[in-house]
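J.:
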Amino acid sequence: METRVIVLFIVAVMAASCSAQPKKSFQDNFSIMWSEDHFKTSEDGQIWYLNLDKDTGCGFQTKQMYRFGWFSMKLKLVGGDSAGVVTAYYMCTENGAGPTRDELDFEFLGNRTGEPYLIQTNVYKNGTGNREMRHMLWFDPTEDFHTYSILWNSHQIVFFVDKVPIRVYKNANYDNNFFPNEKPMYLFSSIWNADEWATRGGLEKTDWKKAPFVSSYKEFSVEGCQWEDPYPACVSTTTKNWWDQYESWHLTKDQKNDFAWVERNLVIYDYCKDTERFPTLPEECSLSPWD
Ligand SMILES: *[C@@H]1O[C@H](CO)[C@@H](O)[C@H](O)[C@H]1NC(C)=O
Ligand SMILES: *[C@@H]1O[C@H](CO)[C@@H](O)[C@H](O)[C@H]1NC(C)=O
Ligand SMILES: *[C@@H]1O[C@H](CO)[C@@H](O)[C@H](O)[C@H]1NC(C)=O
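In mature numbering (1 follows the signal peptide of the UniProt record, and there is no 0), the protein residues as written are -20 to -1, 1 to 271.
1. Flag this pair as touching only if the stretch 21 to 37 and the stretch 132 to 140 have three or more C-beta atom pairs under 8 Å; answer yes or no.
2. Taking the alpha carbon of W172 as the point to measure from, which residue in N151, V194 and R180 has its own alpha carbon closest?
3. Can you grab the Cα-Cα spacing for the pair P164 / P79, in whole Å?
4. Can you tell which of M13, N157, S5 and D35 has its C-alpha closest to the C-alpha of T21?
5. Buried or exposed, going by whether 16 or more other CB atoms sit within 10 Å of the CB of P96?
6. Closer than 8 Å is the cut-off here; do at least three beta carbon pairs connect the stretch 75 to 91 with the stretch 107 to 118?
7. Can Q41 be considered in contact with ligand 1, in the sense that its beta carbon sits closer than 6 Å to one or more heavy atoms?
8. CA-CA distance, F168 and D35?
9. List in chain order the residues whose CB is within less than 5 Å of at least one heavy atom of ligand 1.
10. Applying the criterion that 16 or more other CB atoms from any shown protein chain within 10 Å of the CB defines a buried residue, is T186 buried or exposed?
11. Do we get a CB-CB distance below 7 Å when we pair M165 with the residues of chain E?
12. Kindly examine ligand 2 and report whether one of its heavy atoms sits closer than 6 Å to the Cβ of N157.
13. Compare the C-alpha of G90 against each of L55, P145, E243 and T179 and name the closest.
14. Taking 7 Å as the cut-off, decide whether the C-beta atoms of I248 and R114 are in contact.
15. Select from P192, E243 and S201 the residue whose C-alpha is nearest the C-alpha of G64.
16. Are M53 and F200 closer than 7 Å when you measure CB to CB?
17. Is there contact here, the stretch 254 to 268 with the stretch 116 to 128, by at least three beta-carbon pairs under 8 Å?
18. Which runs of the beta strand (DSSP E), 3 residues or longer, sit entirely within the stretch 49 to 93?
19. Could you spell out the range, first to last residue, of the beta strand (DSSP E) harbouring residue 302?
20. Quick check on the burial criterion: 16 or more other C-beta atoms within 10 angstroms. Buried or exposed for G42?
21. For T255, which residues from the same chain have a beta carbon less than 8 Å from its beta carbon, with the 5 sequence-adjacent residues on both sides left out?
22. Could you tell me the distance, in whole angstroms, from the CA atom of D33 to the CA atom of Y70?
23. Using 8 Å for Cβ pairs, my map puts W132 next to L84. What's the rounded Cβ distance?
24. Looking at the structure shown, is V(-10) part of a helix, part of a strand, or coil, going by DSSP?
25. Using a Cβ-Cβ cutoff of less than 6 Å, which residues in the same chain neighbour H135 once the five nearest sequence positions on both sides are dropped?
26. Find out if the Cβ-Cβ distance for the pair F239, P121 is shorter than 7 Å.
27. In or out: G149 buried (at least 16 other Cβ within 10 Å) or exposed?
28. Around the C-beta of E87, are 16 or more other C-beta atoms found within 10 angstroms, so that it is buried, or is it exposed?
29. At which residues does the alpha helix (DSSP H) containing F6 begin and terminate?
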């Protein structure tokens, strides 16, 4: 055989043996929180579907907890008429709405066919939230999978859509008392009916004739400090990891450009500008995302 042919042959054998490796399965990293019968996977197990119908929605959570890192998943949202339907993708210190939980939320607010989805983000500390922002997206999130990520370290929490930072929540000089940084969090996702508030402030109701509503997930990835009781080593050596090094304490130059574009074009609501709701703005509103 010619050398070239031999090389090709070896490459082909290597490719075949790679693809023969067992794929990661949903059960490795997640468990279903409720309504197992509203959860499905694709035949190869790599895409996960959450269903909402008139009876119930569905949710899943990671088996592990993490403190700080980069958390990422691809989501494709309910298409067509999804008014009233909320798909939540979030991190939380506990499985439930306990009175002392910390939480970082992405919520996707459905809409009538052809009307834009909104993405709402929120931060909770010790059971209190009220830190909502709402953004438009620059694509139709129901057509394709897009990547939604959270960067979390002791200096900032950044919400990303396809690597574009849409929201920066700061802990500048560690003086933000409303910054969740002590407790490890699970990652969750769920779909539920929220037609009392979600779409046009609750005016648009869920059309159950269009059920089931399905949101799809794939490619979960974490580069972070996985929690082990009582205290994992990576918590004290956290600055050895890229997600908690100097470069990750601030937006990069490119990220600042993207973020400026988002701020100019896509922000629908920012609690830090809502002086009617907060005659005295929460303390952290004075922290600059550009620092
Ligand atoms: C997913 O589960 C596998 C097998 O238990 C584990 O080795 C891996 O660390 C988990 N991944 C994450 C991101 O937690
Ligand atoms: C957290 O909230 C609970 C009540 O909801 C309160 O008793 C407790 O003092 C708070 N903890 C901190 C650290 O603020
Ligand atoms: C739904 O569409 C209406 C009309 O375009 C828009 O005002 C609203 O912001 C959209 N999203 C939500 C979640 O209400």
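All residues carry an ideal CB built from backbone N, CA and C; glycine is no exception.
None of these values were measured; they are calculated from a predicted model.
T.: On the basis of the coordinates in this document:
1. no
2. V194
3. 16 Å
4. S5
5. exposed
6. yes
7. no
8. 21 Å
9. D8, N9, Q44 and V202
10. buried
11. No chain E is part of this structure, which consists of one protein chain only.
12. no
13. T179
14. yes
15. P192
16. yes
17. no
18. 65 to 72 and 83 to 89
19. Since the displayed the chain opens at -20 and closes at 271, residue 302 lies outside it and no answer follows.
20. Here the sequence assigns Thr to residue 42, which means Gly is not the residue at that position. The residue in question, T42, is buried, as its Cβ has 16 or more Cβ neighbours within 10 Å.
21. L261
22. 21 Å
23. 7 Å
24. Note on V(-10): pLDDT 49, under 50, position unreliable in the model; the coordinate value appears next. V(-10) falls in the helix class under three-state DSSP.
25. N151 and W229
26. no
27. Gly is not the amino acid found at residue 149; the sequence shown has Tyr there. Flag for Y149 reads buried.
28. buried
29. F6 to N9
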